[in-house]
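Engineer: Take a look at the following structure, please.
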Amino acid sequence: MKKMAVAGLLVLGAVLSGCGSNGPSSAEDANEEPACVGGFEGWWNSTPVSGNTTDLPEETVTVDTNTGKTIDAFNRSRNDAGKPTAVSDVSYQPVPDETWPKDSAVVIDTSTGKVIETISVDPGTQLCQ
88 MKKMAVAGLL VLGAVLSGCG SNGPSSAEDA NEEPACVGGF EGWWNSTPVS
138 GNTTDLPEET VTVDTNTGKT IDAFNRSRND AGKPTAVSDV SYQPVPDETW
188 PKDSAVVIDT STGKVIETIS VDPGTQLCQ
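All the letters of the sequence shown, read from the start, carry residue numbers 88 to 216 under the working numbering.
Put into structure tokens, the structure is as follows:
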């Protein structure tokens, strides 16, 4: 039992040591843009264990509410075929809505144009594809 605990601590230590910085201490130090957040996952782009996707959207886009820019897209047929969905693969063009909450991303079902999920993000966080 002691060996397992020690091995566990060693693994944990190795994982945590990867959290340290090997380079500049911040994006500003490296003259790079800050990291961005994207690739949201949720009920809209999942597949139930049963495989029954009857009530799930066929296609969605995720839009940055601060910029109105589409940052992600999902198409169930492409996904089922093992292909990723790029934003350029979806022809739906969202119309920004002033009622969308700031500092959020909205997921839109492209067949209805309705917002099906709102995801809050920390103010100032850059959303990306």
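Just so you know, even glycine gets a beta-carbon here, dropped at the ideal spot from N, CA and C.
Keep in mind the model is a prediction, meaning the values are calculated, not measured.
Could you say which of Ala192, Leu214, Thr147, Pro171 lies nearest to Thr199 if we only look at CA atoms?
Structural biologist: For the residues Ala192, Leu214, Thr147, Pro171, the minimum Cα distance to Thr199 belongs to Thr147.
Engineer: Between Thr199 and the ligand SAM, is there a pair consisting of the residue's CB and a ligand heavy atom that are separated by less than 8 Å?
Structural biologist: This structure does not include the ligand SAM; it has no bound ligands of any sort.
Engineer: What did DSSP end up calling Ser198 once you bin it into helix, strand or coil?
Structural biologist: In the structure shown, Ser198 sits in coil (DSSP, three-state: anything other than H, G, I, E or B).
Engineer: Assign Pro210 to buried or exposed, taking buried as 16 or more other Cβ atoms, counted over all protein chains shown, within 10 Å of its Cβ.
Structural biologist: It counts as exposed.
Engineer: Kindly confirm or deny that the segment 183–199 and the segment 150–165 touch, where touching means at least three C-beta pairs closer than 8 Å.
Structural biologist: Taking 8 Å as the limit for Cβ pairs, the verdict is that the segment 150–165 does touch the segment 183–199.
Engineer: Grab me the residues of Val124's own chain with a C-beta within less than 8 Å of its C-beta, minus the 5 sequence neighbours each way, in chain order.
Structural biologist: Within the same chain, Val124 has close Cβ partners Val208, Thr212, Gln213, Leu214, Cys215.
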